[in-house]
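Step one of this worksheet: look at the structure below.
Protein chains: 2
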Amino acid sequence: MGDQTTTHQIAAPYLLFLGDARDDLAAKTARGIYEWRPELCIGQHRLPGCATKLPIPEMTYHEAVEAGAKTVIIGTASAGGMIGMHWEDDLLEAIEAGLDLASGLHMKLSDDPRLRARAEHLGRRLHDVRHPVGTVPVGKGTKRSGKRLLTVGTDCSLGKMFTSLSLEREMHKRGLMADFRATGQTGIFIAGCGICVDAVVADFISGAAELLSPDNEPEHWDIIEGQGSIFHPSFAGVSLGLLHGSQPDAIVVCHEPGRSHMRGLPGWKLPSIQDCVDQNLRAAALTNPNVRCVGISLNTKKMDKKAALDEIKRTEDDFGLPCVDPSVTGVGALVDKLQTL
Amino acid sequence: MGDQTTTHQIAAPYLLFLGDARDDLAAKTARGIYEWRPELCIGQHRLPGCATKLPIPEMTYHEAVEAGAKTVIIGTASAGGMIGMHWEDDLLEAIEAGLDLASGLHMKLSDDPRLRARAEHLGRRLHDVRHPVGTVPVGKGTKRSGKRLLTVGTDCSLGKMFTSLSLEREMHKRGLMADFRATGQTGIFIAGCGICVDAVVADFISGAAELLSPDNEPEHWDIIEGQGSIFHPSFAGVSLGLLHGSQPDAIVVCHEPGRSHMRGLPGWKLPSIQDCVDQNLRAAALTNPNVRCVGISLNTKKMDKKAALDEIKRTEDDFGLPCVDPSVTGVGALVDKLQTL
């Protein structure tokens, strides 16, 4: 994928580091990786006080190396994105034992002088996936071969990664050629590679998106993980650059019915699904005039089953497009539609 | 302006460094500063082989310090944004003499070990204005007091900075409260402060724009320098984040009639002025529902005078909005319109 000097390439299989996570939510990165790529996760490493656990073997670093592990993934999402200082001695042991380290936190592993020095000395790699490596080129807008789908949304954090991974899984089940393309930290651990597009320098957002989904076979689909929303006043620039650079043939609009306000901004209303479809299609047409919306993915986790199914049905009727909740209905209806393109 | 820890604050007056610039174009940064802020430019410093000259005194660094200069501005725009290695000894002399250095090139002054060591030792500042300093917050979209105008464009490099500075000058002439807010390197030298919005991390574009035009007097206008175009497939994310963060009350659309293709992208057509007005207003309404387009600024430098005036008149009639070329007609018609808001 893309130029190896500009995307993180993380060696598998993984040992998932849960640290001293207080609860399941604090280890949500590890949980996401295990949910989507259980075959990559050969064990977990927990520190005293850790209050969450995955259904995989607990291992020391030496045991993990013997079992074939290549990389320790920091699977926690701590407030402020900090790496616990009390983890340093423990993570040094991982480096000594022969493992690379990977983190999606804001604070960089490579900014820790002891970790960096030992890793350099022993030839281990420290992956700070929120921080791009190497040089990302400026976007060019040149048409690429193969097909692309991008998930977009009425807001942040409402199921774009989940929908994208569900699509990839369903397409593989049907024997279709498809690759999930990761644009955020959890996605990168799941895919083993990718670029955090919100972390590149602003001039290079669409260039990063272009790198992520290079030329491919005519029938191959890249399923690109969306970020943010072109309606979010904090992050719309990222979403627009990603939309242009992805040059999608198809978009899926993700939405959470009943969400009261834009994430992090009390008082800010979400756009309607219709506005989200219209404005994303209008903007996407700049780099792909044939773009179309192939369906809607709702996140109904806060609704009861009956209300969720009613909402899905009503949305499908309103828009004349397939509507799903990946957790409730699966995404078969979206893939059916894709197969007609 | 904003938080002093996050914007470059460059001490004036300036000594303009022309290096060994081959021609006028190679010194266009120095020319822009001199054109808009002659009162800040107390001298120029040229190296052997320099083929361009400004109508201000030539000075050694010691002479400049005696005349009151505070900062040497690298006034050249070399291919690739490199600092000439053969400049190092000369620039070290400037530091020794008592001057700060400021550069808008990609390559950082502070990455030169000798320059950095001497500057740190002597307490001089090295401003790399293409590289943001400190922490830029995430944009919040909160309504700020005072009024704001943003220049937007059908493409890059067609007069947004020039139009913005012309507006500030005309408004000052009329005794109106107005401040040019710089978002690119030449603009920052002219304003003495600012943030290169295309150089911040993608998640913080709108946050940078918010910092640039903080709360102000109700009748005060911030005239914000636009960047790129929401129609440019390489840079639209920057332009959209700047639009949202600026929350403009007024936009002026900049256009160059007859330009054959989007800058850097042969074969890519420019959008129509109408599309540019419509889509910028639609996007801007997210953070300021009262936004309006107050006029159009054409760059007619490649047309003869008669054709230019015809084009301006025709555009004015087509849109029912004031249309100017700042170099031909001045921007009085735009300020007349602003005064009615």
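These protein sequence lines are chains A and B, in that order. No gaps in the numbering here: position 30 of the first sequence is 1046 in our numbering, and each next residue is one more. No gaps in the numbering here: position 181 of the second sequence is 1197 in our numbering, and each next residue is one more. For each residue, glycine too, the CB sits at the ideal point set by N, CA and C. Please read all numbers here as calculations on a predicted model, not as lab measurements.
I need the DSSP call for residue i, collapsed to helix, strand or coil.
i: Ser1245(A); result: coil
i: Thr1045(B); result: helix
i: Ala1266(B); result: strand
i: Ser1313(B); result: strand
i: Ala1207(A); result: helix
i: Gln1355(B); result: coil
i: Gly1346(B); result: coil
i: His1147(B); result: coil
i: Cys1339(B); result: strand
i: Met1017(A); result: Residue confidence is low: Met1017(A) scores 41 on pLDDT, short of 50, so the model does not pin down where it sits. Its coordinate-derived value is still stated next. Looking at Met1017(A) - three-state DSSP - the assignment turns out to be coil, as it is neither helix nor strand.
i: Leu1174(A); result: coil
i: Ser1222(B); result: helix
i: Arg1134(B); result: helix
i: Gln1025(B); result: strand
i: Leu1302(B); result: coil
i: Asp1291(A); result: helix
i: Gly1257(A); result: helix
i: Gly1168(A); result: Residue 1168(A) is actually Val in this sequence, not Gly. Three-state DSSP puts Val1168(A) in a strand.
i: Leu1070(A); result: coil
i: Ser1250(B); result: coil
i: Val1152(B); result: coil
i: His1277(B); result: coil
i: Thr1202(B); result: helix
i: Ala1080(B); result: helix
i: Pro1129(B); result: helix
i: Asp1106(A); result: helix
Per DSSP, which one or two residues make a beta bridge with residue i?
i: Trp1237(A); result: Lys1163(A) and Ala1194(A)
i: Val1217(B); result: Val1217(A)
i: Cys1370(A); result: Residue coverage of chain A in this structure runs from 1017 to 1357, which leaves residue 1370(A) outside it and unanswerable.
i: Gly1035(A); result: Arg1062(A)
i: His1271(A); result: Leu1314(A)
i: Arg1308(A); result: Ala1266(A)
i: Asp1116(A); result: Thr1087(A)
i: Leu1121(A); result: According to DSSP, which records beta bridges pairwise, Leu1121(A) is partnered with nothing at all.
i: Leu1142(B); result: Leu1117(B)
Residue i and residue j look like a contact to me (Cβ under 8 Å); what is the Cβ gap, rounded to whole Å?
i: Leu1174(A); j: Arg1275(A); result: 7 Å
i: Ala1300(A); j: Ile1328(A); result: Their Cβ separation, rounded to whole angstroms, is 24 Å, which puts Ala1300(A) and Ile1328(A) out of contact at 8 Å.
i: Val1088(A); j: Leu1115(A); result: 5 Å
i: Gly1261(B); j: Trp1284(A); result: 15 Å between Cβ atoms; not a contact.
i: Ser1222(A); j: Phe1196(A); result: Actually they do not touch by this definition, with Cβ atoms about 20 Å apart.
i: Pro1273(A); j: Leu1325(A); result: Contact flag wrong, Cβ pair sits at about 12 Å.
From this set, the options, which residue's C-alpha is nearest residue i's C-alpha?
i: Tyr1030(B); options: Glu1184(B), Thr1179(B), Asp1039(B) and Gly1208(B); result: Gly1208(B)
i: Ala1042(A); options: Ile1090(A), Ala1300(A), Pro1071(A) and Thr1179(A); result: Ile1090(A)
i: Tyr1050(B); options: Phe1205(B), Leu1063(B) and Arg1164(B); result: Phe1205(B)
i: Pro1064(A); options: Asn1296(A), Trp1237(A) and Trp1103(A); result: Trp1103(A)
i: Ser1161(A); options: Phe1033(A), Pro1230(A), Leu1070(A) and Trp1052(A); result: Pro1230(A)
i: Glu1186(B); options: His1236(B), Gly1346(B) and Ser1126(B); result: Gly1346(B)
i: Asp1036(A); options: Gln1060(A), Arg1047(A), Gly1059(A) and Cys1066(A); result: Cys1066(A)
i: Ser1171(B); options: Phe1247(B), Phe1220(B) and Thr1331(B); result: The amino acid at residue 1171(B) is misidentified as Ser; the sequence shows Asp. Minimum Cα distance to Asp1171(B) is reached at Phe1247(B).
i: Glu1302(B); options: Arg1190(A), Leu1281(A), Asn1306(A) and Cys1309(A); result: Correcting the residue type first, residue 1302(B) is Leu in the shown sequence and not Glu. It is Leu1281(A) whose Cα lies nearest to the Cα of Leu1302(B).
i: Val1154(A); options: Arg1140(A), Ala1224(A) and Asp1291(A); result: Ala1224(A)
i: Leu1258(A); options: Glu1272(A), Asp1291(A) and Gly1200(A); result: Gly1200(A)
i: Val1310(A); options: Asp1291(A), Gln1290(A) and Leu1337(A); result: Leu1337(A)
i: Ala1046(B); options: Pro1273(B), Asp1195(B), Glu1112(B) and Gly1120(B); result: Gly1120(B)
i: Asp1265(A); options: Val1168(A), Leu1256(A) and Arg1164(A); result: Arg1164(A)
i: Leu1138(A); options: Glu1109(A), Met1177(A), Ile1026(A) and Leu1297(A); result: Glu1109(A)
i: Thr1142(B); options: Met1177(B), Pro1273(B), Lys1086(B) and Leu1166(B); result: The displayed chain sequence assigns Leu, not Thr, to residue 1142(B). Leu1142(B) has its Cα closest to that of Lys1086(B), out of Met1177(B), Pro1273(B), Lys1086(B) and Leu1166(B).
i: Asp1040(A); options: Thr1092(A), Ile1058(A) and Phe1220(A); result: Thr1092(A)
i: Glu1233(A); options: Ile1211(A), Ala1133(A), His1277(A) and Leu1192(A); result: Leu1192(A)
i: Asp1320(B); options: Trp1237(B), Asp1341(B), Glu1332(B) and Arg1308(B); result: Asp1341(B)
What are the residues of the region 1245-1260 of chain B that lie near chain A, defined by any Cβ-Cβ distance shorter than 7 Å?
Answer in chain order: Phe1247, Pro1249, Ser1250, Phe1251, Ala1252, Gly1253, Val1254, Leu1256, Gly1257 and His1260.
Interface positions of the region 1295-1312 of chain A facing chain B (Cβ-Cβ less than 9 Å), listed along the chain
Against chain B - using a Cβ distance shorter than 9 Å - the residues of the region 1295-1312 of chain A are Gln1295, Arg1298, Ala1299, Leu1302 and Thr1303.
Please list the residues of the region 1152-1163 of chain B that have a C-beta atom closer than 8 Å to any C-beta atom in chain A, keeping them in chain order.
Per Cβ criterion, the list reads Val1154, Gly1155, Lys1156 and Gly1157.
Output needed in chain order: residues of the region 1215-1232 of chain A with a Cβ under 9 Å from some Cβ in chain B.
For the region 1215-1232 of chain A, which is checked against every Cβ of chain B, the residues closer than 9 Å are Ala1215, Val1216, Val1217, Ala1218, Asp1219, Phe1220, Ile1221, Ser1222, Gly1223 and Ala1224.
Chain A contacts from the region 1272-1286 of chain B (Cβ-Cβ distance under 7 Å):
Listed in sequence order: Leu1281 and Trp1284.
Return the residues of the region 1331-1345 of chain A that lie within a Cβ-Cβ distance of less than 8 Å from chain B, sorted by chain order.
Within the region 1331-1345 of chain A, no residue qualifies.
Cβ-based contacts, 7 Å cut-off: residues of the region 1186-1215 of chain B near chain A
Residues of the region 1186-1215 of chain B that bring their beta carbon within less than 7 Å of a beta carbon in chain A comprise Val1213, Asp1214 and Ala1215, in sequence order.
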